[in-house]
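Some notes on the structure that comes next.
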Amino acid sequence: MTRARGVARVRLTHLGAAGWEITDGQRVILMDPYLSRLRYRARFGLLDTPELPGDTRRVFGPDDDLVSDTAAVDARITRADFILISHSHFNHTLDMPYIARKTAATVIGTESTTILARAGGVPEPQLLTVRGGEDYAFGALSIKVIPSLHSALNGKHYYDGRVVPRDFRGPRRMDNDVEGGTLAYLLRLAGYRILWFGSMNYLEREVQGLRPDVALIAAATLTAAPAAPQTATSRRTPVIGGSSRVRVPASCSSWPDVLSWSSRPRVCSTRWRTLPCSSR
Ligand SMILES: [Zn+2]
38 MTRARGVARV RLTHLGAAGW EITDGQRVIL MDPYLSRLRY RARFGLLDTP ELPGDTRRVF
98 GPDDDLVSDT AAVDARITRA DFILISHSHF NHTLDMPYIA RKTAATVIGT ESTTILARAG
158 GVPEPQLLTV RGGEDYAFGA LSIKVIPSLH SALNGKHYYD GRVVPRDFRG PRRMDNDVEG
218 GTLAYLLRLA GYRILWFGSM NYLEREVQGL RPDVALIAAA TLTAAPAAPQ TATSRRTPVI
278 GGSSRVRVPA SCSSWPDVLS WSSRPRVCST RWRTLPCSSR
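Numbering (our numbering), first residue to last: 38 to 317.
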């Protein structure tokens with residue numbers, strides 16, 4: 038998506054899964070960049086990535102160390118100034134330490150995210166730990182951190198209050214993969230208010246009336262053929278306001294992409310595509 042307002046332009050590119058890249062040509066902001074898109078089995082004890090024709094990559098199991106596919110990252114990510122993380126599950130954070138080391142970007146996330154970044158070798162000055170409620174200015178960019186909730190998995194009984202232990206040094210595995218709290222973010226950049234959710238639930242009081250120009254809303258289900266959006270997603274849009282504004286469901290039309298199933302570009306046509314922008 039590329040839009041002009043005055044002389045400033047902002048480009049939003051879906052990176053697959055919950056990941057986005059936003060740039061005004063001067064700054065590059067990444068959200069939950071997860072380019073590795075691992076094949077895995079038995080996540081949460083029952084979730085496997087589906088078999089994809091021609092995908093011969095290794096499959097990670099519960100006892101395997103989860104490692105970033107640096108070639109996949111390098112093929113897409115060349116620079117970043119900020120990396121915003123919604124929560125600490127590996128399909129949101131696994132590539133973050135490598136990208137942060139490579140780009141020297143500032144990583145913004147929960148304490149659990151900071152601990153994972155530190156364990157991944159990200160230098161301390163690049164780490165910014167937030168809890169939700171902060172509103173920071175970085176020159177012409179400002180970032181409001183919004184307390185939020187993780188997707189309502191497990192028959193909408195999902196709850197995971199665990200955090201990453203402060204002495205965690207790795208390796209990352211599915212059996213030590215915890216949420217560590219969930220955040221959403223409102224970016225103000227080049228005259229635009231861009232609201233991003235990296236997971237599929239929210240706290241109504243925290244998003245009431247935000248009226249973003251663009252809302253990047255996770256909108257997938259756990260099945261390979263999503264028939265209807267999650268209730269949390271469908272009820273979220275009226276609350277944030279902005280009925281004439283642009284909303285971009287962050288998913289592929291035929292794949293539960295937001296939840297980060299393994300996929301190759303041929304599977305998910307929007308993986309690298311800059312999404313078209315509807316008119317205001
Ligand atoms: Zn998660």
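Cβ atoms here follow ideal geometry from the backbone N, Cα and C, with glycine treated the same way.
Pick from the options that is closest to residue i, judged by C-alpha positions
i, options, result
"Arg326", "Asn238, Asp101 and Ile231", "Any answer about residue 326 is impossible in this case: the structure gives the chain only from 38 up to 317."
"Ala156", "Tyr196, Val182 and Val201", "Val201"
"Thr236", "Leu89, Met68 and Ile180", "One detail in the question is off: residue 236 reads as Ser in this sequence, not Thr. Nearest option by C-alpha distance: Met68."
"Arg80", "Pro162, Ala174, Asp101 and Pro70", "Asp101"
"Phe119", "Gly146, Leu103 and Phe97", "Gly146"
"Ile114", "Lys181, His51 and Ser149", "His51"
"Thr18", "Trp57, Gly62 and Ser123", "Summary: the structure shown does not reach residue 18, with the chain confined to residues 38 through 317, and so no result is reported for it."
"Asp214", "Ala221, Tyr222 and Phe205", "Phe205"
"Gly169", "Val144, Phe175 and Tyr222", "Tyr222"
"Gly98", "Leu83, Ala227, Asp92 and Arg78", "Arg78"
"Lys193", "Trp233, Asn238 and Pro162", "Asn238"
"Tyr71", "Leu83, Gly62, Gly53 and Leu84", "Gly53"
"Phe234", "Ile254, Gly246 and Gly218", "Ile254"
"Asn191", "Trp57, Leu83 and Gly62", "Leu83"
Contacting residues, own chain, Cβ-Cβ under 7 angstroms from residue i (five flanking each side not counted)
i, result
"Ser105", "Ser73, Leu131, Asp132 and Tyr135"
"Arg94", "Arg76"
"Tyr229", "Arg42, Val47, Asp250 and Val251"
"Gly158", "Pro134 and Arg138"
"Ala154", "Met133, Pro134, Ala137, Val144 and Leu164"
"Phe175", "none"
Residue i vs residue j beta-carbon contact at 8 angstroms
i, j, result
"Leu121", "Ile183", "no"
"Glu216", "Arg203", "no"
"Ala142", "Ala117", "yes"
"Ile180", "Leu240", "no"
"Ser185", "Leu226", "no"
Close-in-space but distant-in-sequence residues of the same chain around residue i (CB under 8 angstroms, 5 per side omitted)
i, result
"Tyr195", "His187, Ser188 and Ala189"
"Asp197", "His187, Val215 and Glu216"
"Val96", "Arg76, Tyr77, Arg78 and Thr86"
Close beta carbons around residue i, own chain, < 6 angstroms, minus the five adjacent residues each side
i, result
"Ile59", "Leu49 and Ile66"
"Arg64", "Asp118 and Leu178"
"Thr166", "Glu148 and Thr151"
"Glu243", "Ile183 and Pro184"
"Thr140", "Arg116 and Ala117"
"Asp172", "Lys181"
So, does the stretch 207-215 touch the stretch 117-128, judging by three or more C-beta pairs under 8 angstroms? yes
The stretch 76-89 / the stretch 105-118 touching (three or more Cβ pairs under 8 angstroms): no
Hey, which unbroken runs of the beta strand (DSSP E) at 3 residues or more fall wholly within the stretch 165-219? 172-175 and 178-185
Residue ranges of each beta strand (DSSP E) run of no fewer than 3 residues wholly in the stretch 103-146, ordered along the chain? 119-121 and 143-146
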